[in-house]
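Report on the following structure.
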Amino acid sequence: MAACRALKAVLVDLSGTLHIEDTAVPGAQEALQRLRATSVMVRFVTNTTKESKKDLLERLKKLQFDISEDEIFTSLTAARNLVEQKQVRPMLLVDDRALPDFKGIQTSDPNAVVIGLAPDHFHYQILNQAFRLLLDGAPLIAIHKARYYKRQDGLALGPGPFVTALEHATDTKATVVGKPEKMFFLEALRSTGCKPEEAIMIGDDCRDDVGGAQNVGMLGILVKTGKYRAADEEKINPAPYLTCDSFPHAVDHILQHLL
Amino acid sequence: MVPPGTVPAGSTLPMLSWACLPQYMNWLVWMPSVVMNISVCFLKRLKRSQLKVRFCTNESQKSRGDLVGMLRRLGFDISEGEVTAPAPAACLILKERGLRPHLLIHDGVRSEFDQIDTSNPNCVVIADAGEGFSYQNMNKAFQVLMELENPVLFSLGKGRYYKETSGLMLDVGPYTKALEYACGIEAEVVGKPSPEFFKSALWEMRVEAHQAIMIGDDIVGDVSGAQRCGMRALQVRTGKFRPSDEHHPEVKADGYVDNLAEAVDLLLQHADK
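This is how it looks when you write it as structure tokens:
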């Protein structure tokens, strides 16, 4: 059934799929070359609240991946796009390292709030400022709503709890822009001109990558690298289109069966 | 000021049983942080009447001693024993259940917990910590909860925000929600609008819910909380009051008054009948 689709675009997750921290997944660079030798368009998609496209690109280049900046689509890009569409001036509650992705956006006299993970900014007075803007009707845009993440010193609060706090205080709902939101995948595909039915997503997060993509009508391949844990593929219904060992295997499958 | 005894259009008269029960009529009153002098003399009038008065607050930045001190300086005739506050109520619960809290609270209220063992914590108490609500402090509370097999979180009140001269400020509620979301748990609320809290205030006055009325500026914490406990409630149009409160989708006060003075006047007038 799937083989009847005309595959035109492949979305690839970064951390956990192409690389794990500063190490490339074995064979991933060469697999990417093989994929690029076909007619499909490739986009790299990731949930990040603190790494700008430039930082991501630098790391990928160091790992010998052949990737250009305009092929990367992150949750920060999605937030920026939404800010531009809404023509608002955001108060940016994001890590300073993410600021380059908002270059050129007007932030004086703010009438919107963009919230990521910004421990340095999550102070009472600053959250009060955001709260007052929201009460005045400013929209709340959340990069994503992760509850917590793993740090070297143990678990640490993600942006989700702070988004929830502001939502609760103002009786509003944030617009979440990162994976697994439908909008994220549609926006990532926009520059390819492809429909979801013509695209496939490869990632290591069963819910956010595979489930999210399949929810908009794409196919999803789960790779058993990165954050993958045994039986993750059972977490979503319908199950992933395919579960395979790693990115190179996913590329093999695409080359053999989907083109 | 509205002329004494004027009932605002659209409000209903509170305390229908007032006339037949004057000697048992009781008040729970909380005054917003900004109080006009006029309220002072009205409070005196109230206390000279046969009504019992108790001050029911979610103040969790100050100890009762400091709170009463501040109110006395403003001219209010109030003593510590007349105040029902969440920190002392929480201490009772902690002792009863043998719990040792990690405290995410304001330094001003820390003295209320002097007698509580806080070593090797097995629960978290969160209160309006103000500037103490930093990422680091929130994270510490989160880590304590995540290490517990059975995480217990007490929230002293769950107000969403309150008003200060500089503007509206986030209260403890949103920060409690943040920890609830992060840990996938539900906090136990100590303070308004928890019915247990109102019941303890009523018990301290030795009166029944139907014999008492609550006056406050918070449509949810004061009005809804008291009503759910079987009391009647007036909302004052001061403090955190917002005009939209009078069209709240779920809560309708038994009456709306412009300020405490008008509330007192209204009730005393009915008491005289």
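Residue numbers (UniProt numbering), protein chains in the order written: chain A, 1 to 259; chain B, 1 to 273.
For every residue, glycine included, the Cβ atom is placed at its ideal position computed from N, Cα and C.
Assuming the contact rule is C-beta atoms closer than 8 Å, residue i and residue j should be a hit. Round their C-beta distance to whole Å, please.
| i | j | result |
| --- | --- | --- |
| A/Leu222 | A/Thr243 | 5 Å |
| B/Phe133 | B/Leu179 | Contact doesn't hold; Cβ gap of about 11 Å is too wide. |
| A/Leu20 | A/Gly226 | It is Ile, not Leu, that sits at residue 20 of chain A in the sequence shown. Their Cβ separation, rounded to whole angstroms, is 6 Å, which keeps A/Ile20 and A/Gly226 in contact under 8 Å. |
| A/Leu99 | A/Val113 | The pair is not a contact, with the Cβ atoms about 15 Å apart (cut-off 8 Å). |
| B/Pro101 | B/Val124 | 6 Å |
| A/Ala169 | B/Tyr161 | 6 Å |
| A/Ser75 | A/Ile141 | Not a contact, Cβ separation roughly 10 Å. |
| B/Val257 | B/Leu268 | Not a contact, Cβ separation roughly 13 Å. |
| A/Ile200 | A/Met183 | That belief does not hold up - the Cβ atoms of A/Ile200 and A/Met183 are roughly 19 Å apart, past 8 Å. |
| A/Leu259 | A/Leu7 | 6 Å |
| A/Val25 | A/Leu18 | 6 Å |
| A/Leu92 | A/Thr107 | 6 Å |
| B/Asp222 | B/Ala233 | 6 Å |
Taking all protein chains shown into account, do 16 or more other C-beta atoms lie within 10 angstroms of the C-beta of residue i, making it buried, or fewer, making it exposed?
| i | result |
| --- | --- |
| B/His247 | exposed |
| A/Ala165 | buried |
| B/Cys229 | buried |
| A/Tyr149 | exposed |
| A/Pro238 | exposed |
| A/Ala250 | buried |
| residue 298 of chain B | Only positions 1 to 273 of chain B appear in this structure, which leaves residue 298 of chain B out of reach. |
| B/Gln23 | For B/Gln23, the predicted model reports a pLDDT of 36, less than 50, meaning its position is unreliable; a value from the coordinates is still stated below. Exposed. |
| B/Leu43 | buried |
| B/Ser79 | exposed |
| B/Thr165 | exposed |
| A/Asp96 | exposed |
| B/Asp171 | buried |
| A/Gln64 | exposed |
| B/Arg206 | exposed |
| A/Gly104 | exposed |
9 Å is my cut-off, CB to CB: does residue i come that close to chain B?
| i | result |
| --- | --- |
| A/Thr77 | no |
| A/Thr164 | yes |
| A/Asn128 | yes |
| A/Pro139 | no |
| A/Ala156 | yes |
| A/Arg132 | yes |
| A/Leu135 | yes |
| A/Phe122 | yes |
| A/Arg147 | yes |
| A/Gly104 | no |
| A/Gln29 | no |
| A/Pro196 | no |
| A/Gln125 | yes |
| A/Pro90 | no |
| A/Gly220 | no |
| A/Gly160 | yes |
| A/Pro119 | yes |
Please confirm if residue i has its CB atom under 9 Å from at least one CB of chain A.
| i | result |
| --- | --- |
| B/Glu186 | no |
| B/Gln269 | no |
| B/Pro121 | no |
| B/Leu179 | yes |
| B/Pro193 | no |
| B/Ala127 | no |
| B/Ala182 | yes |
| B/Pro243 | no |
| residue 275 of chain B | A query on residue 275 of chain B cannot be resolved here, the shown segment of chain B reaching from 1 to 273 and no further. |
I'd like to confirm something about residue i: is its beta-carbon nearer than 8 Å to some heavy atom of the ligand GDP, or not?
| i | result |
| --- | --- |
| A/Ala142 | Ligands are entirely absent from the displayed structure, and the ligand GDP is therefore not among its contents. |
Runs of beta strand (DSSP E) wholly within the region 21 to 50 of chain A (minimum 3 residues, chain order): DSSP runs (the beta strand (DSSP E)) wholly in the region 21 to 50 of chain A: 41 to 46.
Determine which residues of the region 155 to 171 of chain B have a Cβ less than 7 Å from any Cβ of chain A, and write them out in chain order. Going along the region 155 to 171 of chain B in chain order, one finds Arg160, Tyr161, Gly167, Leu168, Met169, Leu170 with a Cβ nearer than 7 Å to chain A.
Just to confirm the assignment: which complete beta strand (DSSP E) runs, minimum length 3, are found wholly within the region 38 to 103 of chain B? 52 to 56
Taking a Cβ distance cut-off of 9 Å, strictly less, list which residues of the region 167 to 182 of chain A are near chain B, in chain order. Glu167, His168, Ala169, Thr170, Asp171
Within the region 204 to 238 of chain A, note down every full beta strand (DSSP E) run reaching 3 residues or more, in order along the chain. 219 to 223
Could you tell me which whole beta strand (DSSP E) segments of length 3 or greater appear in the region 70 to 102 of chain A? If we require 3 residues or more, the beta strand (DSSP E) runs fully inside the region 70 to 102 of chain A come out as 72 to 74, 90 to 93.
Which runs of the beta strand (DSSP E) fall wholly inside the region 127 to 206 of chain A and span at least 3 residues, in chain order? 140 to 142, 148 to 151, 154 to 157, 199 to 203
Check distances from the C-beta atoms of the region 131 to 155 of chain B to those of chain A and list, in chain order, the residues that come in under 8 Å. Glu131, Gly132, Phe133, Ser134, Tyr135, Gln136, Met138, Asn139, Phe142, Gln143, Met146
Enumerate, from N- to C-terminal direction, the unbroken alpha helix (DSSP H) stretches of 4 or more residues contained entirely within the region 146 to 202 of chain B. 172 to 183
4 or more residues per run - each alpha helix (DSSP H) lying fully within the region 216 to 249 of chain B: 225 to 228
Using Cβ-Cβ distances below 7 Å, what residues of the region 14 to 38 of chain A are close to chain B? none
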